Structure formats: structure tokens, C-alpha cells
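In the order they appear, the protein sequences are chains Z and H. The numbering of the first sequence is UniProt numbering, which starts it at 1 and goes up by one. The numbering of the second sequence is UniProt numbering, which starts it at 1 and goes up by one.
Number of protein chains: 2
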Amino acid sequence: MTGTSLDTQEIDAPNSRPADEMLGEPLRAAPSLHDGLVAALRDYIVEGNLADGARIPERLLCEKFGISRTPLREALKVLAAEGLIDLLPNRGARVRAFSDEDLRELFDVMGGLEALAGRLACERISDEEITEIEQVHHEMYRFYLRRDMHGYFQRNQEIHRLIVEAAGNATLNATYASFAGRIRRVRYAANLDKERDRWGEAMREHEAILDALRRRAGSELSDIMFQHLRNKRKAAQHQSDAQTSERSAPS
Amino acid sequence: MTGTSLDTQEIDAPNSRPADEMLGEPLRAAPSLHDGLVAALRDYIVEGNLADGARIPERLLCEKFGISRTPLREALKVLAAEGLIDLLPNRGARVRAFSDEDLRELFDVMGGLEALAGRLACERISDEEITEIEQVHHEMYRFYLRRDMHGYFQRNQEIHRLIVEAAGNATLNATYASFAGRIRRVRYAANLDKERDRWGEAMREHEAILDALRRRAGSELSDIMFQHLRNKRKAAQHQSDAQTSERSAPS
DNA sequence: AAGCTAAAAAATGAATGCAAAAACTGCGAA
DNA sequence: TTCGCAGTTTTTGCATTCATTTTTTAGCTT
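Written out as C-alpha cells, the structure is:
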């Protein structure tokens, strides 16, 4: 599977916003430069193509992406700043291995960001947006009844994304996306088939979220969102523990 | 003043943690590489040496820091990822100009992070840590009585920093620091001499913060912290407006 | 003189080259 | 066999170089 080399093509593609300055736009963030490479590399790592503490061979990636070392190194620096990889002086880049403590922290920060999103969303969300979220919620509920994990998770994510968007804060949105990216690598593995008990609980929590949102009870929603993430974390942790003990004691 | 060239010396200096891997440490974030350059550049920009939307001349900075373009460009990429500068394809880097909307967003995100910090702090803070914060609070109060703005602000910042630290979440801490850095450039200018009315209010809010902290009322403290930042934002905004109208109508 | 076009100059993005640092290899000693 | 060590190979970090793109400048037309 050398599909990655194709991605390189796509990198240059979205270069298409030349009229920005005409519009009085104060020329915001780089519309798109070869840092599309950053996105490509990020995906490459997030998708788990590289083992956890694995060394990242510049050479190999250069070939894979068809570029020279200079832009690749720039991308690595950015990814390191994002916390996705570790950069060791004279010793190259490694995929960052998240410890349990790191995950605990990440979940809490995500919880804090979602709590904020909920609070802000209550201040400005429109009835239409709420209706949209409710629809996705009902879709999710159907997947829940069918025990369709994949669909369920997808709607779940969607709801959280919609709430963050409803907050109407681009900075928050970007930050949230960044953290979500960091966790995704883990969540990939932790897509609990077991812990189905959590499902019902999560559904109830989501109903509480919708309720608070409808009432525009910002501070209350903030609490619920944080607790929701806390519970998510506990479930993930529980599952992680289970996996570990499975490995150490394979009957 | 060409003192900046001296900074280049200091950059390489703190390279002194070679025994890390011996200690079973999983080799965390780059202990220190020439990305000290990133820190130097960040400071250089934050301190306001470059005008707001000003173009950042690679050439000039290379000379200033005594390095070639390659490492400088790497640093610029990182700073762009942090949101401190804008990178425009083929058109170089510019100091990012924060719009009022950007500031509004930044303040809210800071508020969200501090709300989270307060919540987490309530879960784990020790009586000793609370005592420490109380002490700084009393110092701050003395500066308040003396109308010593500088001392007051310093303690104020210190208290917020202590609360974030008390949260015991390194990820949160790093994120908070990053955002604080982004705002610092603005706060530099917005060090309101006027708006003294805000002082008393802020003092009262800080007392409420301490009270909630003592009672370990996480959710409540979370609310207070967010509102505290909201009020701060409003004060800053008000002042910014005042300055603007002053400029446009200088009677 | 104002406006437009074209050439020159400068700056950017990326590739290559080179010195220094790490990792690896094979050999010999305990 | 295991450990240590010198020599080789690989990799990293940075400087330099090259091709484009942008910006500036000069000249020409109206």
C-alpha cells in the first residue's frame, strides 16, 4: 500500500484562495502552503502507521512523500510543537508515547474545552442548531438500539463537534481539533466493544446535555460536559486496564 | 541595542540533560535543542520588537540571531503553528494582528482553561497550597490599597498561575502558558491605568475564588473563574474602545 | 503626468552539500 | 559468552545553493 505517495499530490491541490487580499481580509493564517505536508504527516502518524515509541526515519518519509529533508524537518518541528511527536536533539523524532497519566490529562483538558464549548454554545446557539443536534442525537439513539457501534460513535463525535462549533469560537475550535487529533491515535485502539454498559449511561448523559442546551443553562451544561468526559475517561481507562491484565495473564 | 545577538549564545547553553535515558525516563519532549531559538524568537515578537502586521524579514533575523535561514524558518513554522505569526505562501511571515474578535475568543478560551484549572485544583489542592495562594492574595491586597498597579498585576498573574499549577495537569499548564503568551503581546499595551473601578471588583472576585477553593467547590469555582475572565475581558474591551475613540476624536 | 508594461532585484521555498554527532559493526580481552 | 572498544556507516543539524515567485524599478505609451 503506497497510497501515501498519492497524498503528496493532494497536498498542493487546495492552493486556491488568491483573491483573499482583494476582500479586505487581513490575510489570516496561511491559507495553504506545502504545510499541507504537515496535515499529511499528521494523518500518517495518527492513523497509526508508525509504532508507538518508534523512531521516525527522515529518509524514509522523504521518499514516501517525495520531498527533500528540509520541508519534512519543518513539518516535524510543527508536529513536535503540537505534541504529537518527540524531538530529541541529535537523535531524531519519535512517535510520542502517551502514558496513562498523559491520557488522563488529555481527557481532562478535552473535558474542560467541551465544558467551555457548552457554556458558550448556550449563549448563542439558535433553535435551528439545536434541532440539528437533536436529529443527530436521534440517529445516534437508533444506532444504539441496533447496537451498531460504528454508527453510534460517529454520531457521538458529530454531536460533540456540533456543540463546539455552536460555541462560535474559532480559537476554541482549533484548539479542540488539535487535542482531538492527539487523542485519536489512542481512541483508535480503545474503541471498546465491551463496556457496553457505558452505552446506556452515555445516552442518558447526552440527553441531559440536550436538555441543558435547550434551556440555555450554560453553567449547568458546562458541568455536565466535563463530567461526561470524565466518565468517558473512566470507561476508557477501565478498558485499558482490562486489556493490560488480559495481556499479562492470558489464561 | 544589539543585545539580541547575545541571546544566541544563551540558546545553546542549557543543553545539559544527557543522563535522561539512564533514568528510565521515556525520553519526553526535546530537552533543549536549537529550538531555544523558538523561545528567543517568541520573546522577540512578544516583547513587541516588531510592529503588528509587520513583515518578518528572514534575512534580518538571521543576522540578528547569527544563524542561517534553515533553522530560522523551522522556528517560524512553529511560531505560526502556535498562532503568533501568520505564514503567507510565498509572501513571508507577518506578526499576527489580533482583531477584537480574536481577543474576545482568546479571553474566553483562557476563561475556559482557568475554569478547568479551578475545577481540577479543587480535587487535589493541599491546604499548604491554599495557604500559599492566600498569602499572595494578601500581598496583592496590600498593593491594591497602595494603588500600586505593577505589584498588583504581578500578584494577580501569580495567583492565576498557582491555581493552574495546583490543577496538577501538565498538559493544561502548557496549553495555558501558550495562550497566555499569545495574549501577553496585547496585555502589554492594555495595562489599564484607568478603569481603576475594575480593581475593587476584581478583588472581590478573587476573594470569591479563594472561598470556593477553600471549600473545594469545583463546579462553583469553575463558574467563578470563567466569569472572572469574562469581566476582565469586558474591562479590557472597554478600555480598548476608549482608546480607539480617543484616537478618532482627540479633542 | 498618470498608468501600464517589462526588466531587474529581492525574497521565498525547497534541494543539495558538508561537518558533527549518533548508531552499528566487528574484533579482541576478561 | 559477555563486555568493551576502535573503525565504519548512518543520521542529524545547519549552511549553502538553485529555481520560482514576488516586489521593485525603470521605461514607454497615452
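Positions of the beta carbon are idealized from the N, C-alpha and C atoms, including for glycine. Quantities reported herein were computed from a predicted structural model and do not represent experimental measurements.
Partner residues on chain Z for H:A40, Cβ-Cβ distance less than 8 Å | Per Cβ cutoff of 8 Å: no residues; H:A40 is ~15 Å from chain Z at best.
For the 8 Å Cβ check, are there 3 or more pairs between the segment 158 to 178 of chain Z and the segment 124 to 133 of chain Z?
-> yes
Would you say the segment 104 to 112 of chain Z touches the segment 70 to 80 of chain Z, given that touching needs at least three Cβ pairs under 8 Å?
-> no
For chain H, is any of its Cβ atoms less than 8 Å away from the one on Z:K232?
-> no
Near H:R214, which residues of its chain fall below 8 Å by C-beta distance, leaving aside the five closest residues on each side in sequence?
-> I130
Reduced DSSP secondary structure (H/G/I, E/B, other) of Z:G92 | strand
Alpha helix (DSSP H) segments (min. 4 residues) lying fully within the segment 126 to 151 of chain Z = 127 to 146
Anticipated Cβ contact below 8 Å, Z:D86 with Z:R94, distance rounded | 5 Å
Residue-chain proximity (Z:A166, chain H), Cβ-Cβ < 8 Å = no
Closer than 9 Å, Cβ to any Cβ of chain H: which residues of the segment 96 to 124 of chain Z, in chain order?
-> R96, A97, S99, E101, D102, R104, E105, L106, D108, V109, G111, G112, L113, A115, L116, A117, R119, L120
Got a sec? Which residues, its chain only, sit under 7 Å from H:L221 by beta carbon, not counting five neighbours each side?
-> G118, R119, C122, I209, A212, L213
When the Cα atoms are used, what is the spatial distance from H:T175 to Z:L61?
-> 29 Å
What number of angstroms, rounded off, separates the C-alpha of H:R124 from the C-alpha of Z:L172?
-> 26 Å
Could you tell me whether the Cβ of Z:V78 comes closer than 8 Å to any Cβ of chain H?
-> yes
Run down chain Z in chain order and give the residues with a C-beta less than 9 Å from the C-beta of H:R73.
-> T70, E74
Can you list, in chain order, the residues of its chain whose CB lies under 7 Å from that of H:A54, leaving out five sequence neighbours each side?
-> R94, V95
Can the beta-carbon of Z:A97 be found less than 8 Å from the beta-carbon of Z:D127?
-> no
Drop a sphere of 10 angstroms on the beta-carbon of H:D197, count the other beta-carbons inside from all chains shown, and report buried for 16 or more, exposed for fewer.
-> exposed
Reference Z:R230; option with closest CA among Z:E207, Z:E201, Z:R184 = Z:E201
Going along the chain, which residues of its own chain have a beta-carbon closer than 6 Å to the beta-carbon of Z:M225, five neighbours each way excluded?
-> E114, A115, G118
Quick one: which chain H residues come within Cβ less than 7 Å of Z:F226?
-> R119
Closer than 8 Å, CB to CB, is H:T171 near chain Z or not?
-> yes
Straight-line Cα distance separating H:K64 from H:Q237 = 35 Å
Is DSSP giving H:D223 helix, strand or coil here?
-> helix
What is the C-beta distance between H:W199 and H:Y144, in whole angstroms, given that I count them as a contact (C-beta under 8 Å)?
-> 6 Å
Ignore the nearest five residues each way along the sequence and tell me which others in Z:G92's own chain have a CB closer than 8 Å to its CB.
-> R55, I56, P57, E58
Counting only the same chain and skipping the five closest in sequence on each side, list residues whose C-beta sits under 6 Å from that of H:L50.
-> V95
Excluding the five sequence neighbours on either side, which residues of its own chain have a C-beta within less than 8 Å of the C-beta of H:F179, listed in chain order?
-> L106, V109, M110, L113
Straight-line gap, H:K232 to H:E47 (C-alpha atoms, nearest Å) | 22 Å
My guess is that H:E82 and Z:A81 are in contact by the Cβ rule of under 8 Å, so how many angstroms apart are they, rounded?
-> 7 Å
Helix, strand or coil: how does DSSP classify H:D100 here?
-> helix
DSSP bridge partner residues for Z:D86 (one or two, in chain order) = Z:R94
What are the start and end residues of the alpha helix (DSSP H) that includes H:G66?
-> Counting along the chain, H:G66 falls outside any alpha helix (DSSP H), and DSSP gives it neither H nor E.
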